[in-house]
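Numbering (our numbering), first residue to last: 134 to 587.
The C-beta atom is built at its ideal place from N, Cα and C for all residues, glycine as well.
Here the structure comes first, spelled out in structure tokens, and everything after it is commentary.
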């Protein structure tokens with residue numbers, strides 16, 4: 134549609150020259166030339182411009198039609214780019230994950246279901262990408278995911294071996310393909326349950342803690358591979374595809390059917406968060422806009438209430454920690470994500486007071502894989518660093534009790550500078566994986582380029 138503004142003010146009017154009578158006259162014909170008196174006109178009056186022109190409203194001929202108001206200007210096309218609301222949710226999810234892994238508060242899993250949010254956001258991006266050929270999209274996603282995982286494994290696995298890990302004894306004849314899952318995590322990468330020493334630099338369970346986040350990488354990889362089929366099914370049977378993972382969770386996540394080993398864990402993770410992934414499809418496809426808001430919010434609230442009821446009757450070893458209660462985790466996460474996406478604004482930039490967090494949100498989204506992969510290992514690294522304080526003369530007498538009481542708070546404070554150092558040290562691998570120019574601190578700050586003169 135043309136954006137030229139149509140002005141009807143001159144429409145339907147004769148040429149300006151027709152507003153005033155012409156002062157020249159045709160050649161005078163007389164009877165003298167033709168032999169009879171004929172007709173003659175009086176000589177024209179001497180032209181003198183009027184002293185004051187009359188108003189245009191008095192002289193202009195009436196308009197031939199009633200002018201119509203100009204057509205409304207079309208809304209400017211939205212600039213392509215990231216949705217800052219979704220970026221903000223991803224940042225909150227990462228902060229909540231770090232907070233939970235330091236303090237272990239079970240109620241955090243109820244306050245903000247970070248993993249469900251992260252899977253939903255990833256599903257939305259995947260659905261948008263699948264407008265292109267599926268194989269190319271899958272290949273691109275895997276290419277962007279694996280290099281950071283390889284770097285993580287290249288650091289962690291040798292340390293495990295140096296600490297005396299013998300995977301052949303622990304895993305038997307399948308130890309080689311299992312260790313290779315650090316290269317392509319279709320399964321759960323193995324690790325020693327006990328490594329290091331209680332008084333050493335590395336605590337005994339450091340390997341368990343460091344490798345803990347890899348379950349998310351495994352689940353994400355399987356969701357990426359399955360997305361073309363899931364999106365095809367969603368476009369044909371949206372409600373069945375959306376709710377099928379919840380039904381599967383009711384089977385494999387409640388003990389009704391038990392699948393042993395890591396296969397069971399993988400299937401359970403896929404079921405618990407599958408509906409959240411498909412909710413990302415629904416958000417991208419505009420499904421929420423087709424439904425009355427009160428309907429989706431009401432149904433989501435009922436499902437969340439069911440999740441809390443189920444959790445109250447199936448409390449795990451850590452009480453209300455939904456990570457130990459698959460069906461409660463699935464239903465609660467699903468309901469929360471529905472509400473978050475139902476009310477999702479479309480922000481090209483953070484509004485109001487949130488603008489001051491713009492660089493933090495940009496940085497965390499550009500380095501989300503690095504932060505998630507390394508945060509647990511860095512949490513463990515805060516312990517020997519903080520313990521150096523005990524070597525300061527007089528520290529225990531002056532601050533010992535207070536320091537012990539607030540120890541986890543200091544871990545939370547210290548882990549963020551360590552995460553920042555890790556972003557600088559290894560985060561650039563995400564740029565290489567995405568075929569971008571490596572950046573040390575990609576917070577969205579544009580470099581100022583000076584003018585050059587010859």
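The alpha helix (DSSP H) with residue i in it runs from where to where?
{"i": "residue 350", "result": "347-369"}
{"i": "residue 264", "result": "No alpha helix (DSSP H) contains residue 264, which DSSP labels as neither H nor E."}
{"i": "residue 549", "result": "540-559"}
{"i": "residue 303", "result": "300-304"}
{"i": "residue 517", "result": "501-520"}
{"i": "residue 387", "result": "Counting along the chain, residue 387 falls outside any alpha helix (DSSP H), and DSSP gives it neither H nor E."}
{"i": "residue 244", "result": "241-244"}
Are the CB atoms of residue i and residue j nearer to each other than 8 Å?
{"i": "residue 327", "j": "residue 337", "result": "yes"}
{"i": "residue 467", "j": "residue 410", "result": "no"}
{"i": "residue 255", "j": "residue 289", "result": "no"}
{"i": "residue 417", "j": "residue 217", "result": "no"}
{"i": "residue 318", "j": "residue 347", "result": "yes"}
{"i": "residue 515", "j": "residue 577", "result": "no"}
{"i": "residue 367", "j": "residue 414", "result": "yes"}
{"i": "residue 311", "j": "residue 320", "result": "yes"}
{"i": "residue 508", "j": "residue 282", "result": "no"}
{"i": "residue 493", "j": "residue 555", "result": "no"}
{"i": "residue 429", "j": "residue 475", "result": "yes"}
{"i": "residue 259", "j": "residue 360", "result": "yes"}
{"i": "residue 432", "j": "residue 444", "result": "no"}
{"i": "residue 571", "j": "residue 561", "result": "yes"}
{"i": "residue 505", "j": "residue 349", "result": "yes"}
{"i": "residue 219", "j": "residue 364", "result": "no"}
{"i": "residue 519", "j": "residue 547", "result": "yes"}
{"i": "residue 460", "j": "residue 382", "result": "yes"}
{"i": "residue 453", "j": "residue 239", "result": "yes"}
{"i": "residue 325", "j": "residue 303", "result": "yes"}
{"i": "residue 545", "j": "residue 522", "result": "no"}
Looking at the structure shown, is residue i part of a helix, part of a strand, or coil, going by DSSP?
{"i": "residue 328", "result": "strand"}
{"i": "residue 429", "result": "helix"}
{"i": "residue 338", "result": "strand"}
{"i": "residue 211", "result": "Reliability fails at residue 211, whose pLDDT of 49 lies under 50, so the model's placement of it is uncertain and the value that follows must be treated cautiously. Three-state DSSP puts residue 211 in coil, outside helix and strand."}
{"i": "residue 419", "result": "coil"}
{"i": "residue 286", "result": "helix"}
{"i": "residue 449", "result": "strand"}
{"i": "residue 439", "result": "helix"}
{"i": "residue 472", "result": "helix"}
{"i": "residue 466", "result": "helix"}
{"i": "residue 593", "result": "Any answer about residue 593 is impossible in this case: the structure gives the chain only from 134 up to 587."}
{"i": "residue 481", "result": "coil"}
{"i": "residue 311", "result": "helix"}
{"i": "residue 321", "result": "coil"}
{"i": "residue 165", "result": "Caution applies to residue 165, whose pLDDT of 41 falls short of 50 and renders its modelled position unreliable; the value that the coordinates give is listed next. Three-state result, residue 165: helix."}
{"i": "residue 579", "result": "coil"}
{"i": "residue 489", "result": "helix"}
{"i": "residue 275", "result": "helix"}
{"i": "residue 393", "result": "coil"}
{"i": "residue 414", "result": "helix"}
{"i": "residue 138", "result": "Because the pLDDT at residue 138 is just 40, under 50, the model does not fix this residue reliably, and the value given afterwards should be weighed accordingly. Looking at residue 138 - three-state DSSP - the assignment turns out to be coil, as it is neither helix nor strand."}
{"i": "residue 223", "result": "helix"}
{"i": "residue 562", "result": "helix"}
{"i": "residue 526", "result": "coil"}
{"i": "residue 569", "result": "coil"}
{"i": "residue 295", "result": "helix"}
{"i": "residue 316", "result": "coil"}
{"i": "residue 458", "result": "coil"}
{"i": "residue 256", "result": "helix"}
Compare the Cα-Cα distances from residue i to each of the options and report the closest residue.
{"i": "residue 307", "options": "435, 323 and 287", "result": "323"}
{"i": "residue 396", "options": "272, 352, 363 and 482", "result": "352"}
{"i": "residue 574", "options": "567, 558, 325 and 566", "result": "558"}
{"i": "residue 566", "options": "232, 233 and 284", "result": "284"}
{"i": "residue 448", "options": "387, 523 and 268", "result": "387"}
{"i": "residue 270", "options": "358, 234, 302 and 239", "result": "358"}
{"i": "residue 564", "options": "242, 236, 273 and 233", "result": "273"}
{"i": "residue 462", "options": "541, 234, 243 and 237", "result": "243"}
{"i": "residue 237", "options": "541, 531 and 399", "result": "541"}
{"i": "residue 313", "options": "292, 287 and 329", "result": "287"}
{"i": "residue 378", "options": "491, 477, 412 and 534", "result": "412"}
{"i": "residue 423", "options": "391, 371 and 331", "result": "371"}
With a threshold of 8 Å between beta carbons, is residue i in contact with chain D?
{"i": "residue 434", "result": "Structure shown: chain D not included; a single protein chain is present."}
Inset, instruction - Assess, as a yes-or-no matter, whether the segment 485-504 is touched by the segment 219-230 under the definition of 3 or more beta carbon pairs within less than 8 Å. - result: A contact exists between the segment 219-230 and the segment 485-504.
Inset, instruction - Could you tell me whether the segment 394-407 touches the segment 456-470, where touching means 3 or more Cβ pairs closer than 8 Å? - result: Counting C-beta pairs with one atom in each stretch, the segment 394-407 and the segment 456-470 have three or more that are closer than 8 Å, which means they touch.
Inset, instruction - Indicate whether the contact test is met: 3 or more Cβ pairs, each with one atom in the segment 241-250 and one in the segment 468-478, closer than 8 Å. - result: Yes, since at least three Cβ pairs between the segment 241-250 and the segment 468-478 fall closer than 8 Å, the two stretches touch.
Inset, instruction - Inspect the CB distances between the segment 269-287 and the segment 438-447 and report whether three or more fall short of 8 Å. - result: Not touching, per the Cβ criterion.
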